[in-house]
Amino acid sequence: VWANCLRVIKATIGEQSFRTWFQPIVPVQLHNNILLIQVPSTYFYEFLEEHYVEELKRAIHQELGPDGRLEYSIVVDQGNAQQKPRTLNLPTARKSAGPAASATPAATAMANSAMTASARNVAAASVAPAPTPATLRNPFEASKTIERDYLKSQLNTTYTFENYIEGDCNRLSRSAGLAVANKPGTTSFNPLMIYGGVGLGKTHLVQAIGNHIKATNTDKFVLYVSAEKFTNQFIESLRSNQVQDFANFYLLVDILILDDVQFLSGKDKTQEMFFHIFNHLHQAGKQIVMTSDRPPRDLVGLEDRLLSRFKWGLTADLQSPDFETRMAIIQNKMQQDGIDIPPQVVEYLAHSVNTNVRELEGVLISLVAQSSLNRREIDLEMAKQALRHIIEEVEAEVNIDFIQKTCAEYFSVPLDLLKAKTRKKEVVTARQVAMYFAKEHTSHSLKSIGHHFGGRDHSTVIHSVQTVSDLIDSDKSFRSTIIELRKKFAGR
Ligand code: ADP
Ligand code: MG
Numbered sequence: 136v137w138a139n140c141l142r143v144i145k146a147t148i149g150e151q152s153f154r155t156w157f158q159p160i161v162p163v164q165l166h167n168n169i170l171l172i173q174v175p176s177t178y179f180y181e182f183l184e185e186h187y188v189e190e191l192k193r194a195i196h197q198e199l200g201p202d203g204r205l206e207y208s209i210v211v212d213q214g215n216a217q218q219k220p221r222t223l224n225l226p227t228a229r230k231s232a233g234p235a236a237s238a239t240p241a242a243t244a245m246a247n248s249a250m251t252a253s254a255r256n257v258a259a260a261s262v263a264p265a266p267t268p269a270t271l272r273n274p275f276e277a278s279k280t281i282e283r284d285y286l287k288s289q290l291n292t293t294y295t296f297e298n299y300i301e302g303d304c305n306r307l308s309r310s311a312g313l314a315v316a317n318k319p320g321t322t323s324f325n326p327l328m329i330y331g332g333v334g335l336g337k338t339h340l341v342q343a344i345g346n347h348i349k350a351t352n353t354d355k356f357v358l359y360v361s362a363e364k365f366t367n368q369f370i371e372s373l374r375s376n377q378v379q380d381f382a383n384f385y386l387l388v389d390i391l392i393l394d395d396v397q398f399l400s401g402k403d404k405t406q407e408m409f410f411h412i413f414n415h416l417h418q419a420g421k422q423i424v425m426t427s428d429r430p431p432r433d434l435v436g437l438e439d440r441l442l443s444r445f446k447w448g449l450t451a452d453l454q455s456p457d458f459e460t461r462m463a464i465i466q467n468k469m470q471q472d473g474i475d476i477p478p479q480v481v482e483y484l485a486h487s488v489n490t491n492v493r494e495l496e497g498v499l500i501s502l503v504a505q506s507s508l509n510r511r512e513i514d515l516e517m518a519k520q521a522l523r524h525i526i527e528e529v530e531a532e533v534n535i536d537f538i539q540k541t542c543a544e545y546f547s548v549p550l551d552l553l554k555a556k557t558r559k560k561e562v563v564t565a566r567q568v569a570m571y572f573a574k575e576h577t578s579h580s581l582k583s584i585g586h587h588f589g590g591r592d593h594s595t596v597i598h599s600v601q602t603v604s605d606l607i608d609s610d611k612s613f614r615s616t617i618i619e620l621r622k623k624f625a626g627r
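My numbering puts the first residue of the sequence shown at 136, with every later residue one more than the last.
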């Protein structure tokens with residue numbers, strides 16, 4: 136009967152949808168004109184109900200006549216070896232089941248249709264109060280509940296291995312990344328931790344890993360998230376009492392890519408949550424990929440037990456690209472964007488911009504912009520001009536002075552008090568916040584930061600960073616303050 140139903144359904148819906156939503160269904164039994172089918176999960180059941188109720192109805196009626204009914208059995212405890220099917224009589228069970236109680240329009244339609252099994256049947260099939268099928272919220276799209284197969288990976292498809300230029304500076308990281316991309320979760324590179332300075336290609340590389348896995352394993356849920364976003368989602372889940380939902384969401388992930396893990400420094404509760412998720416995923420053989428702007432041993436403010444987990448896999452670094460690699464990166468970029476630049480200009484750029492790849496790209500973009508603005512071919516003269524501009528910008532980039540000035544202004548305290556001994560509350564706050572941003576946005580050591588704040592020692596800086604982190608976690612308005620201020624330092 137089910138095979139016939141499938142034929143009817145297959146004729147009306149797309150091949151892809153059919154494969155995703157109907158092939159996994161297992162027919163269990165036909166009894167009293169009620170067909171019992173087993174579906175893999177609650178999400179699955181809800182999705183069928185919302186999107187394919189008409190098709191199902193038509194097929195059942197065609198096969199079993201107008202009295203034909205359909206009943207679902209949902210496999211609970213996904214990932215549990217001994218899966219116990221649980222018979223659910225759909226509309227009735229939904230009504231009694233906590234969060235799933237609000238029946239969707241589709242469910243109501245079903246309840247009114249002949250497909251509804253009788254309440255008696257429920258009693259007969261009823262099992263121990265099964266764990267409530269959770270209606271998880273998707274932290275990336277707060278308004279949406281989770282539909283696993285439709286979850287977005289948050290990946291940017293422009294980041295690939297093909298356009299990730301290989302050089303001495305990134306050889307180990309790149310090949311480790313490729314290995315992980317080809318065999319996620321099964322190499323000894325789990326977790327894979329990539330570290331390196333700003334603009335050296337961490338995000339590009341880990342996104343390339345994600346994109347590669349996604350393209351080759353369509354059934355795997357790859358998720359890219361910055362540690363900052365992760366933190367904000369977690370805080371939001373605390374605020375709205377949905378921590379369990381938050382955790383459950385992350386436990387669905389097959390490949391978790393956490394970018395800029397240093398952002399978790401000093402955020403103990405977020406770290407604890409990540410620790411939990413990490414352990415669970417790792418144990419289940421899921422791949423974890425992380426990046427950091429510094430080597431794990433320098434990740435001050437990260438708990439030891441978390442740091443020790445990072446050592447389970449492989450830690451690889453990214454260095455500044457050498458001249459040849461910079462040339463190759465520019466040429467690749469030119470080709471990709473259809474830009475034409477004379478060779479001696481390419482060489483000049485590769486020679487002069489030796490800090491990081493992002494800056495190199497910045498110069499290229501500004502050159503192209505200028506050339507089209509002035510309707511002039513790019514030449515050496517223009518390159519020199521553009522570079523002067525960029526170099527000035529680099530000099531004006533975020534430094535401690537700028538951070539101190541901005542924070543003093545924001546909190547309306549005199550700048551020199553940040554470096555003085557004053558313990559007045561608003562001065563202390565401004566000072567601590569400035570230290571926090573100095574830590575976040577400059578490469579100064581704790582000692583050097585302390586030095587810039589009237590010769591305070593490094594433990595004072597640690598304390599300040601910690602205090603600010605704690606406040607971000609606990610005080611919502613303070614958190615907004617930090618977010619607002621951070622915008623002023625962003626894009627360095
Ligand atoms: P990070 O995350 O380390 O700050 P990104 O991954 O954002 O750096 O890289 C900055 C820019 O440089 C991106 O546009 C990226 O595509 C580019 N880039 C970095 N490394 C390479 C590389 N090896 N080949 C090509 N482009 C690169
Ligand atoms: Mg990055």
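Yeah, the Cβ is synthetic: ideal placement off N, Cα and C, and Gly gets one too.
This structure is a prediction, so every number in the text was calculated from the model and none was measured.
C-beta contact flag for G336 and Y299 at 8 Å: In this structure, G336 places its C-beta atom within 8 Å of the C-beta atom of Y299.
beta-carbon I366 near the ligand MG non-hydrogen atom, thresh 7 Å: Inspection of the sequence shows that residue 366 is occupied by Thr rather than by Ile. Answer for T366: no, Cβ out of range of the ligand MG.
Length of the line joining the Cα atoms of E459 and I465: The straight-line gap from Cα to Cα measures roughly 10 Å.
Contacting residues, own chain, Cβ-Cβ under 6 Å from W137 (five flanking each side not counted): The beta carbon of W137 lies closer than 6 Å to those of P162 in the same chain, with the five residues before and after it left out.
Any 3 or more C-beta pairs closer than 8 Å across the stretch 362–378 and the stretch 324–333: Too few Cβ pairs lie closer than 8 Å, so no.
Identity of the residue in K622, I169, S372, N291 nearest I392 by Cα: Relative to I392, the option among K622, I169, S372, N291 whose CA is nearest is N291.
Cβ-based burial, P430 [other Cβ within 10 Å; buried from 16]: Counting Cβ neighbours within 10 Å, P430 comes out exposed, since fewer than 16 surround it.
Strand pairing of A485, partner residues [DSSP]: By DSSP's assignment, A485 forms no beta bridge with any residue.
DSSP bridge partner residues for Q520 (one or two, in chain order): Answer by DSSP bridge pairing: none, since Q520 is not bridged.
Classification of S507 by the beta-carbon crowding that lies within 10 angstroms, buried from 16 upward: So S507 ends up on the exposed side.
Within-8 Å CB hit, S604 to chain B: The structure shown contains no chain B, having only a single protein chain.
Burial state of N167 (16 or more Cβ within 10 Å): Burial call: exposed.
Residue span of the beta strand (DSSP E) that contains H166, given as start and end: H166 -> beta strand (DSSP E) spans 161–166.
Buried versus exposed call for T426 [16 or more other C-beta atoms within 10 Å across all chains shown]: By the 10 Å Cβ count, T426 comes out buried.
DSSP state of R566 mapped onto helix, strand, coil: Assigned with DSSP and collapsed to three states, R566 falls in helix.
Which residues DSSP lists as bridging N273, in chain order: DSSP lists E276 as partners of N273.
L550 versus I607 - alpha carbon distance: Taking the straight line from one Cα to the other gives about 23 Å.
CB-CB length for H598 against I538, believed under 8 Å: H598 to I538, Cβ: 18 Å. No contact.
Integer Cβ distance of F356 from T405, believed to fall under 8 Å: Contact between F356 and T405 fails: their C-beta atoms lie close to 22 Å from each other, not under 8 Å.
Runs of alpha helix (DSSP H) wholly within the stretch 330–398 (minimum 4 residues, chain order): Uninterrupted alpha helix (DSSP H) stretches at least 4 residues long and entirely within the stretch 330–398 occur at 337–351, 362–374, 378–386, given in chain order.
Among S594, E301, N534, Y545, the one whose alpha carbon lies nearest that of A573: Closest in C-alpha terms to A573, from the list S594, E301, N534, Y545, comes N534.
Touching by the beta-carbon criterion (3+ pairs, under 8 Å), the stretch 339–354 and the stretch 470–488: Because the criterion of three Cβ pairs below 8 Å is not met, the stretch 339–354 and the stretch 470–488 do not touch.
L502 and A518 closer than 8 Å at C-beta: For L502 and A518, yes; Cβs fall inside 8 Å.
S114 (DSSP reduced to helix, strand or coil): For the chain, the structure presents residues 136 to 627; residue 114 sits outside this window and is missing.
CA-to-CA distance, M462 to Q505, given in whole angstroms: So the two alpha carbons sit approximately 21 Å from each other.
Environment of H587 [buried if 16+ CB atoms lie within 10 Å]: By the neighbour-count definition (other C-beta atoms within 10 Å, threshold 16), H587 is a buried residue.
Three-state secondary structure assigned by DSSP to I597: In the structure shown, the three-state DSSP call for I597 is helix.
Any non-hydrogen atom of the ligand ADP within 7 Å of G345 CB: With a cutoff of 7 Å, G345 does not count as near the ligand ADP, since its C-beta is closer than that to no heavy atom of the ligand.
Neighbour-count burial assignment, L620, 16 or more Cβ in a 10 Å radius: Answer is buried; the Cβ neighbour count reaches 16.
Span of the beta strand (DSSP E) around D452: Run containing D452: 449–452, per the beta strand (DSSP E) assignment.
N-terminal and C-terminal residue of the beta strand (DSSP E) that Q173 is part of: Per DSSP, Q173 belongs to the beta strand (DSSP E) from 169–174.
Cα-Cα separation, A260 to K145: Legend: pLDDT at A260 = 30, less than 50; position of this residue unreliable, value from coordinates given subsequently. Going from the Cα of A260 to the Cα of K145 covers about 30 Å.
At least 3 beta-carbon pairs within less than 8 Å: the stretch 303–311 vs the stretch 412–425: Touching, no, given that fewer than three Cβ pairs across the two stretches are closer than 8 Å.
Closer than 7 Å: residues whose CB approaches a heavy atom of the ligand MG: Residues with their Cβ less than 7 Å from any non-hydrogen atom of the ligand MG, running along the chain, are K337, T338, D394, D395, T426.
Best match in S580, L416, G590 for proximity to L553 [C-alpha to C-alpha]: If we check each option's Cα against that of L553, G590 comes out closest.
Identity of the residues DSSP links to S427 by a beta bridge: Y330, per the DSSP bridge assignment.
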